[in-house]
Amino acid sequence: MINYNPKDWFTFIFRFSRADTFRKLLPLMLAVSAYAAVIAYLELNFISVNDSQNLRNVGMMHNVLGFVISLLLVFRTNTAYDRWWEGRKIWGGLTNSSRNLAMKLAAFISDESDKQFFRKMIPNYAFALKNLLRENEDYYELDPVLDLKPGKHVPNQIAASMYQRVNDLFKNNKVTDAQLWILNEGVRAFTDYCGACERIKNTPIPFTYSVFIKKFVFFYVMTLPFGWVFSLGYYIVPVVVLILYALASLELIAEEIENPFGTDANDLPIDQICLNIRKHVGELLP
């Protein structure tokens, strides 16, 4: 995730980061500019006056379609941001649940081996969930407490082991039945957060909806030169490129943030969140 000063306007205007849409759209913008220049040349040099009157009316269509496409793109970006923000709330909840569980365990148990187990397993759950969401099977960041079974749901294995350890604490009379219920709720919250993250990751924007927006933007931009050439002349080339950049950038931004658990520049800082969980749990379970 990019850290920035929102008040530094000058830097924003002249800065081109790796995630900037201008870099991604540059080949398409060059192709569209060449296309618009060809259309402008043909219409200005080979279209008769009578035919030009009919082509001028094509611009009326864009006035209506421009309003429709703006509504679609606003809905698209809002939906993508809602997914990004929900993901941030989920990981914030996981952080708080990890801290709360560590504080309760520190108050309930005194055996060092039990503390050592939870001191490693609570952060392990966060790292395992991060790797699951990124489809990464390399779990080198996990402390080797369990003999994990490869190919199976690692967060579930870790949660099951914590449930088993909490149950063993109750059987050995190290915690009361009331404390067992409290610890059970704390461990259960982890699985709830995992399910919420999987729901976001595994349920993208409907395919038909995403394809329709891309097609709509493409045909809208490609028909712009036909009606506007006689009003703008060759200035239609930068105008079409600017409109393409504005509309396509919104779609690219939505595509990037709708799955906030990856490694893109604008995704959530999950790596730092996991490290913070490990640090805070270690402090709370000394």
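In numbering that gives the first Met the number 0, the protein residues as written are 0 to 285. A virtual CB, placed ideally from N, CA and C, is assigned to each residue, including glycine.
Item to check | Meets three-Cβ-pair contact criterion under 8 Å: the segment 239 to 250 and the segment 95 to 109 | outcome: Contact fails between the segment 239 to 250 and the segment 95 to 109, because fewer than three Cβ pairs, one in each stretch, are under 8 Å apart.
Item to check | Buried versus exposed call for Y139 [16 or more other C-beta atoms within 10 Å across all chains shown] | outcome: So Y139 counts as exposed.
Item to check | From A127, L43, E184, A195, residue whose alpha carbon lies closest to that of R87 | outcome: Cα-wise, what sits closest to R87 is A195.
Item to check | Exposure of A177, with buried meaning 16 or more beta-carbon neighbours within 10 Å | outcome: By the 10 Å Cβ count, A177 comes out exposed.
Checklist entry - What did DSSP end up calling T222 once you bin it into helix, strand or coil? => result Here T222 sits in helix by DSSP.
Item to check | Close beta carbons around A158, own chain, < 7 Å, minus the five adjacent residues each side | outcome: Result list for A158: Y124, V186, F189, T190, in chain order.
Checklist entry - Do K119 and D142 come within 8 Å of each other at the CB atom, strictly closer than that value? => result Between D142 and K119, the gap from beta carbon to beta carbon is short of 8 Å.
Checklist entry - When DSSP labels each residue in this structure, what does L93 get in the three-state scheme? => result In this structure, L93 counts as helix in the three-state DSSP scheme.
Next on the checklist: Using only CA atoms, which one of L243, I276, E257 lies nearest to A35?
Outcome noted: Taking each of L243, I276, E257 in turn and checking the Cα distance to A35, the smallest one comes out for L243.
Checklist entry - Going by alpha carbons, who is nearest to L241 out of V216, E197, N275, E254? => result Nearest to L241 by alpha-carbon distance, out of V216, E197, N275, E254, is V216.
Item to check | Which listed residue (N258, K170, F169) has its alpha carbon closest to that of E197 | outcome: Minimum Cα distance to E197 is reached at N258.
Item to check | Under the three-state DSSP convention, the category L145 falls into | outcome: Assigned with DSSP and collapsed to three states, L145 falls in coil, not helix or strand.
Checklist entry - Under 8 Å between the Cβ atoms of I272 and W90? => result Taking a C-beta distance under 8 Å as the contact criterion, I272 and W90 qualify as a contact pair.
Checklist entry - Do the CB positions of L284 and A127 come within less than 8 Å of each other? => result For L284 and A127, no; Cβs fall outside 8 Å.
Next on the checklist: Here's a check: name, in chain order, each residue in its chain whose Cβ is nearer than 6 Å to the Cβ of L179, leaving out the five neighbours to either side.
Outcome noted: The residues are F169.
Checklist entry - Where do the N-terminal and C-terminal ends of the alpha helix (DSSP H) with D270 fall, by residue? => result Judged by DSSP secondary structure, D270 falls within the alpha helix (DSSP H) whose first and last residues are 269 to 283.
Item to check | Distance, T207 Cα to P26 Cα | outcome: Put simply, the backbone Cα of P26 is about 25 Å away from that of T207.
Checklist entry - Who are the Cβ neighbours of I199 in its own chain at under 7 Å, not counting the five residues just before and after it? => result Answer for I199: R82, E85, G86, listed in chain order.
Checklist entry - Hey, Y80 and I256 are a contact pair by Cβ (cut 8 Å); roughly how many whole angstroms apart? => result Their Cβ separation, rounded to whole angstroms, is 6 Å, which keeps Y80 and I256 in contact under 8 Å.
Item to check | Spatial distance of N155 from M161 (CA atoms) | outcome: Linking N155 to M161 through their CA atoms gives a straight-line distance of about 10 Å.
Next on the checklist: Rounding to the nearest angstrom, what Cα-Cα distance links K173 and V165 in this structure?
Outcome noted: Roughly 9 Å separates the two Cα atoms.
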